[in-house]
Amino acid sequence: MNIFKKYFGDFFLSTRFYLLGGVCALILVISFFVPVLFLPARVFLLLFIFITLVDYFLLFFVSINLKAFRTVASRLSNGEENLVEIYIRNSNRFKLRLTIIDELPMQLQERNFSMKRTLSGGEHAVLKYSIHPVERGAYNFGNIILLISSVASVVVKKQSVEAAKAVSVYPSFMSLRNHQIVSQTATNNETGNQRKRKIGQSMEFEQIKDYVTGDDIRTINWKATARKGLLMVNNYVDEKSQQVFCLVDKGRLMKMPFKEMSLLDHAINAVLALSNVCLQKQDKIGLITFSNKLATLIPADRKLVQRENILQALYKEQTAFLESDYEMLYMQIRNKIKQRSLLILFTNFESVSGLRRQLPYLRSIAKHHLLLVVFFENSELNILSREDAITVDDIYVKTIAEKFVFEKKLVVKELQKFGILSMLTAPENLTVNSINKYLEVKARQAV
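Note that the working numbering has the sequence shown beginning at 712, numbered continuously upward.
Take a look at the structure:
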């Protein structure tokens, strides 16, 4: 059985074999009517059989020395392009033609992935490709399948290289550095991302120093001045260590898809980027996830390990198919968060009536904390509302789409009426707009 598997189990005939065999058969058929072609047809047939046998002998009786392995990070970033590399070396003295099939994780739903490469004797190559995961979780790579053929490419030998590996897809972390750079600049090329003018004066004391021309006389410390005999002033710096909590709704409305990712995944990616910026600004960042019950609560902290704690917590979050309980959320916030904080709620409201059911609890939360409600535009409805209506059906569709788009704007007005900050954003702009809004609130010292 092992001998059969060795010499015939991985044996395949290529497309070229069937083409040459078809040509040979055609010439033999024609030679039946044109006898002068019978001898060339026999020669061609014998040559075809000889090439096939030599090709088979070369691939199955001569030791084929090929080395291949895959390089991929143990952590992949959700919603972004992640690089995968395959290293192949041909240690033989003759040229080989290869078709490389990498067994990709099931979640990618890629069934026709292959790469072709020709390697001379002693040559090596690094093949690169990228994958774009849209779900968090464990991804299992399989083996590397090599379909080997010689220059003749009549016979194909299959070789499987053990390369099984499990990797984890985490919330988007590859763009964290870009968002960190954005937070340090006054403006950015992305629409709407600009720093706001600072209002008011910070009251966080830093030190007492000698008065110099240009210092605000309102900051003179008269007691220190009397002790030292020189004018002394208090020096203040921007307030730090403010508490920021990201509240992530995991209810059924967050299951809606956008560009193959759910709204929950977009919110999770934004929370991770926002937490990195908050830590850079030396604010304390915390996390609460909820649906019909509290799922995760990470107390606010500004240690560097906090980003890893939030990343690990967000990695396993999944959408629930129940309506979110905002009364429970209010009770948990009152019990767990004692200091006035900035609460950024990532949720979704499709109608004003849906908002009004939760509005009493949002108003109660806003009495004790600065609440920012972030919810999503329906990009597909926006496109429908801008399309030209030609038929009666188009008029109906356009009218309904405009109604739902208008409902979203009414939700913003309803929140603003009760003094609750709100932000309506497209899912693809969520991260940038969230960071920009946080920087604006911080610059205004609203907390």
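Every residue gets a Cβ at the ideal spot worked out from N, C-alpha and C, and that includes glycine.
Computed from a predicted structure; not experimentally measured.
- request: Report the rounded CA-to-CA distance for LYS1014 versus LEU990, giving the unit in angstroms.
  value: In the sequence shown, residue 1014 corresponds to position 303, counting from 1. In the sequence shown, residue 990 corresponds to position 279, counting from 1. Taking the straight line joining both Cα atoms gives about 8 Å.
I need the straight-line Cα distance from LEU770 to PHE805, nearest angstrom please. Numbered from 1 along the sequence shown, position 59 holds the residue referred to as residue 770. Numbered from 1 along the sequence shown, position 94 holds the residue referred to as residue 805. Approximately 11 Å between the Cα atoms of the pair.
- Message: Let's test the definition: count the other Cβ atoms within 10 Å of the Cβ of LEU964 and tell me whether it reaches 16, buried, or not, exposed.
- Response: Taking the sequence shown and counting its residues from 1, one reaches residue 964 at position 253. Buried: at least 16 other Cβ atoms inside 10 Å.
Taking C-beta to C-beta, are ILE811 and SER825 nearer than 8 Å? As a first step, residue 811 is located in the sequence shown; it is residue number 100 there, counting from the start. As a first step, residue 825 is located in the sequence shown; it is residue number 114 there, counting from the start. In this structure, SER825 lies closer than 8 Å to ILE811 by Cβ.
Exercise for the section: Mind checking which residues open and close the alpha helix (DSSP H) that includes ARG1068? Expected result: Reading the sequence shown from its first residue, position 357 is the one you call residue 1068. That run of the alpha helix (DSSP H) goes 1063 to 1079.
### Query
ASP976: which of VAL988, VAL734, TYR798 and ASP960 sits nearest, CA to CA?
Walking along the sequence shown from the start, residue 976 turns up at place 265. The shortest C-alpha separation from ASP976 is found at ASP960.
Discussion item. Extract the residue ranges of the beta strand (DSSP E) inside the segment 823 to 884, only unbroken runs of 3 or more that lie entirely within it.
Written reply: With a minimum length of 3 residues, the continuous beta strand (DSSP E) runs that stay inside the segment 823 to 884 are 826 to 830, 835 to 842, 848 to 852, 855 to 860, 866 to 872 and 876 to 881.
task: Could you work out which residue in PHE956, ILE1146, ALA981 and HIS1079 is closest to LYS995 when comparing CA atoms only?
output: One-based indexing of the sequence shown puts residue 995 at position 284. Looking at PHE956, ILE1146, ALA981 and HIS1079, the one whose alpha-carbon comes closest to that of LYS995 is PHE956.
Taking VAL944 as the reference, give the member of ILE799, ILE919 and LEU1141 with the closest Cα. Within the sequence shown, residue 944 is the residue found at index 233, counting from 1. Of the listed residues, the one whose Cα sits closest to VAL944 is ILE919.
Subject >> Bounding residues of the beta strand (DSSP E) (the contiguous stretch that carries MET1042) >> reply: Taking the first residue of the sequence shown as 1, we reach residue 1042 at position 331. Here MET1042 belongs to no beta strand (DSSP E); instead the alpha helix (DSSP H) covers 1037 to 1047.
#### Entry: For MET965, three-class secondary structure by DSSP
Translated into the one-based positions of the sequence shown, residue 965 becomes position 254. MET965 falls in the helix class under three-state DSSP.
query: In three-state terms, what does DSSP make of ILE1106?
result: The residue labelled residue 1106 in the question sits at position 395 within the sequence shown. Here ILE1106 sits in helix by DSSP.
Margin query: What residue range does the alpha helix (DSSP H) around GLY732 cover?
Written below: If you number the sequence shown from 1, residue 732 lands on position 21. Per DSSP, GLY732 belongs to the alpha helix (DSSP H) from 726 to 744.
| What is the residue span of the beta strand (DSSP E) that SER788 lies within? | As a first step, residue 788 is located in the sequence shown; it is residue number 77 there, counting from the start. Segment 786 to 788, the beta strand (DSSP E) holding SER788.
message: Does the segment 775 to 790 come into contact with the segment 876 to 884, if we say contact requires no fewer than three beta-carbon pairs (one atom in each stretch) closer than 8 Å?
response: The segment 876 to 884 and the segment 775 to 790 touch, with three or more beta-carbon pairs separated by less than 8 Å.
Quiz item: Around the C-beta of LYS909, are 16 or more other C-beta atoms found within 10 angstroms, so that it is buried, or is it exposed?
Solution: Working through the sequence shown from its first residue, we reach residue 909 at position 198. In this prediction, LYS909 has a pLDDT of 47, which is less than 50 and means its spatial position is unreliable; what the coordinates show is noted afterwards. Per the 10 Å Cβ criterion, exposed.
**Asked** Using CA coordinates, which residue listed in ASN776, PHE1117 and ARG847 is at the minimum distance from ARG800?
**Response** The residue given as residue 800 occupies position 89 in the sequence shown. Comparing Cα positions, the closest option is ASN776.
What residue range does the beta strand (DSSP E) around SER1133 cover? Taking the sequence shown and counting its residues from 1, one reaches residue 1133 at position 422. Here the beta strand (DSSP E) through SER1133 covers 1132 to 1136.
Evaluate the contact criterion for the segment 816 to 831 versus the segment 850 to 864: three or more CB pairs, one atom per stretch, below 8 Å. yes
Bridge partner(s) assigned by DSSP for ARG781:
To locate residue 781, count along the sequence shown from 1; it is residue 70. BP columns for ARG781 point to ILE797.
Check: In or out: ARG847 buried (at least 16 other Cβ within 10 Å) or exposed?
Finding: Locating residue 847 in the sequence shown gives position 136, where the first residue counts as 1. The residue in question, ARG847, is buried, as its Cβ has 16 or more Cβ neighbours within 10 Å.
task: Answer yes or no: do PHE728 and THR763 have a C-beta to C-beta separation smaller than 8 Å?
output: In the sequence shown, residue 728 corresponds to position 17, counting from 1. In the sequence shown, residue 763 corresponds to position 52, counting from 1. Cβ atoms of PHE728 and THR763: closer than 8 Å.
Q) LEU970 bridges to which residues according to DSSP? A) As a position in the sequence shown, residue 970 is number 259, starting the count at 1. The residue asked about is misnamed: residue 970 is Lys in this sequence, not Leu. Beta-bridge pairing links LYS970 to no other residue.
Exercise. According to DSSP, is VAL773 helix, strand or coil?
Worked result: In the sequence shown, counting from the first residue as 1, residue 773 sits at position 62. Assignment of VAL773 by DSSP, reduced to helix, strand and coil, places it in the coil class.
Contact check, LEU998 vs VAL982, beta carbons under 8 Å: In the sequence shown, the residue the question calls residue 998 occupies position 287. In the sequence shown, the residue the question calls residue 982 occupies position 271. For LEU998 and VAL982, yes; Cβs fall inside 8 Å.
- From the DSSP output, in three-state form, read off ILE811 for me. Position 100 of the sequence shown, counted from the first residue, corresponds to residue 811. In the structure shown, ILE811 sits in a strand (DSSP, three-state: E or B).
Within 10 angstroms of the Cβ of TYR798, are there 16 or more other Cβ atoms? Answer buried if so, exposed if not.
Working through the sequence shown from its first residue, we reach residue 798 at position 87. Under a 10 Å Cβ-count criterion, TYR798 is classified as exposed, with fewer than 16 other Cβ atoms of the shown protein chains found around its own Cβ.
**Buried/exposed call for ALA877, threshold 16 Cβ in 10 Å** = Mapped onto the sequence shown, residue 877 falls at position 166. Exposed.
Of the choices LEU1126, HIS1080 and PHE1032, whose alpha-carbon is the least far from that of VAL1063?
Translated into positions along the sequence shown, residue 1063 becomes position 352. Among LEU1126, HIS1080 and PHE1032, the Cα nearest to that of VAL1063 is on LEU1126.
GLU917 by DSSP, collapsed to three states: which one?
-> What you label residue 917 is simply residue 206 of the sequence shown in a count that begins at 1. The answer is strand: DSSP assigns GLU917 an E or B state.
Is the segment 1037 to 1055 touching the segment 1076 to 1089 in the sense that three or more CB pairs, one from each, lie closer than 8 Å?
Three or more beta-carbon pairs drawn from the segment 1076 to 1089 and the segment 1037 to 1055 are found closer than 8 Å, and the two stretches are therefore classed as touching.
query: From ARG1051 to THR1110, what distance separates their C-alpha atoms?
result: Within the sequence shown, residue 1051 is the residue found at index 340, counting from 1. Within the sequence shown, residue 1110 is the residue found at index 399, counting from 1. Approximately 43 Å between the Cα atoms of the pair.
* Whole-Å CB distance - LEU962 paired with SER1035, under 8 Å assumed -> The residue you call residue 962 lines up with position 251 of the sequence shown. The residue you call residue 1035 lines up with position 324 of the sequence shown. The sequence given here places Gly at residue 962; Leu does not occur at that position. Between SER1035 and GLY962 the Cβ distance is about 4 Å, and since that is below 8 Å, they are a contact.
**Q.** Own chain residues within Cβ distance below 8 Å of LYS966, not counting five before or after
**A.** As a position in the sequence shown, residue 966 is number 255, starting the count at 1. These residues qualify, in order along the chain: SER973, LEU974, LEU975, THR1030 and PHE1032.
Margin query: Give me the residue from LEU1066, ALA849 and GLY733 with the minimum Cα distance to LYS1119.
Written below: The residue given as residue 1119 occupies position 408 in the sequence shown. Comparing Cα-Cα distances from LYS1119 to each of LEU1066, ALA849 and GLY733, the minimum goes to LEU1066.
How many Å lie between TYR1037 and ILE1009 at the Cα?
Taking the first residue of the sequence shown as 1, we reach residue 1037 at position 326. Taking the first residue of the sequence shown as 1, we reach residue 1009 at position 298. If I take the Cα positions, the gap works out to 18 Å.
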